[in-house]
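One structure below.
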Amino acid sequence: TQLLEQSPQFLSIQEGENLTVYCNSSSVFSSLQWYRQEPGEGPVLLVTVVTGGEVKKLKRLTFQFGDARKDSSLHITAAQPGDTGLYLCAGHPINTNAGKSTFGDGTTLTVKP
Amino acid sequence: DTAVSQTPKYLVTQMGNDKSIKCEQNLGHDTMYWYKQDSKKFLKIMFSYNNKELIINETVPNRFSPKSPDKAHLNLHINSLELGDSAVYFCASSRQDLSYNEQFFGPGTRLTVL
């Protein structure tokens, strides 16, 4: 059973469209991170959310942490080809070993010019 | 200046061989990790070390043995390689702020077992 489930698994859109990626769990997390991974590279940290209901913005990317700290979303406005990549959410459940993050199964985004 | 580096980038070897992957971080982090990413892109933690001490050891065959000579290095040795070991292996590091656990990843080592 996957602790963090991401949806959709694959997303292919045209440049300029908006999109939202979801990361859901039945567990409560002390924090949640979003990473982007490009082909042939390692994941790169985009943001960390900590407080329930928190919203963070990174240029055209908006990240939200659910009020109960069980889920998160990533919204991209006016997507560009450079946004193409694998988006991973990762969280530290409150009742797990210190330092152990669980990763979601990823959302592969393709933005066509 | 690469923050987390791994060598080699690519590793192609025969079944049954023994191989090692090296990882170094220059971020001054206390915690280092090894992850395995399969063909479906799922990233699964294998090991975690904090100040050279093993703190996480997931269900990984004992053919895999991590070694941390100091807190800036975490190497992975694999004995008797099997076809199912083919994957991309990522090293990562983080500060000891364990509730945040923001990780910095290396570029990965693509292991192919023939």
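Those protein sequences? They're chains A and B, same order as listed. When the first sequence is numbered by the numbering used here, its final residue is 113 and no position is left out of the sequence of numbers. When the second sequence is numbered by the numbering used here, its final residue is 1114 and no position is left out of the sequence of numbers. Note that beta-carbon positions come from the ideal geometry of N, C-alpha and C, so glycine has one too.
- prompt: If you check the beta carbons only, do A:GLY104 and A:SER31 fall under 8 Å apart?
  reply: no
Nearest to B:MET1046 (by Cα), restricted to the options B:GLU1102, B:ALA1092, B:LYS1009: B:ALA1092
- prompt: Considering B:GLU1036, what are the terminal residues of the beta strand (DSSP E) in which it resides?
  reply: Contrary to the premise, residue 1036 of chain B reads as Lys rather than Glu in this sequence. 1031-1037 is the extent of the beta strand (DSSP E) around B:LYS1036.
- prompt: Closest by CA to A:THR77, which one among A:PRO39, A:GLN14, A:THR108?
  reply: A:GLN14
message: Taking 8 Å as the threshold (C-beta atoms), are A:LEU88 and B:LEU1043 in contact?
response: yes
query: When DSSP labels each residue in this structure, what does A:GLY91 get in the three-state scheme?
result: strand
field: Residue closest to B:LYS1052, alpha-carbon to alpha-carbon, out of B:ASP1030, B:GLN1025, B:SER1086, B:ARG1110
entry: B:ASP1030
message: Short of 7 Å Cβ to Cβ, which residues in the region 1026-1044 of chain B face chain A?
response: THR1031, LYS1041, PHE1042, LEU1043
Chain-ordered neighbours of A:LEU45 on chain B, where CB pairs are closer than 8 Å: GLU1102, GLN1103, PHE1104
field: Sequence-distant residues of its chain with Cβ nearer than 8 Å to B:GLN1037 (five each side left out)
entry: The beta carbon of B:GLN1037 is closer than 8 Å to those of LEU1043, LYS1044, ALA1087, VAL1088, TYR1089, PHE1090, GLY1108 in its chain, skipping five residues each way along the sequence.
- prompt: With DSSP run on the structure shown, which of helix, strand or coil describes A:GLY85?
  reply: Secondary structure at A:GLY85: strand, using DSSP grouped into helix, strand and coil.
query: Hey, how far is the Cα of A:VAL28 from the Cα of A:SER101?
result: 12 Å
query: Under the rule that 16 or more other beta-carbon atoms within 10 Å means buried, what is A:GLN80, buried or exposed?
result: exposed
message: Is the beta carbon of B:ALA1072 closer than 8 Å to that of B:GLN1025?
response: Cβ atoms of B:GLN1025 and B:ALA1072: closer than 8 Å.
message: On a Cα-Cα basis, can you pick out the residue from A:LEU109, A:GLY40, A:VAL111, A:SER72 that is closest to A:LEU4?
response: A:SER72
- prompt: For B:LEU1043, which of helix, strand or coil comes out of DSSP?
  reply: If DSSP states are grouped into helix, strand and coil, B:LEU1043 belongs with the strands.
- request: Check whether the Cβ of B:PRO1008 lies closer than 8 Å to any Cβ atom in chain A.
  value: For B:PRO1008, the answer is no, since every Cβ of chain A falls outside 8 Å of its Cβ.
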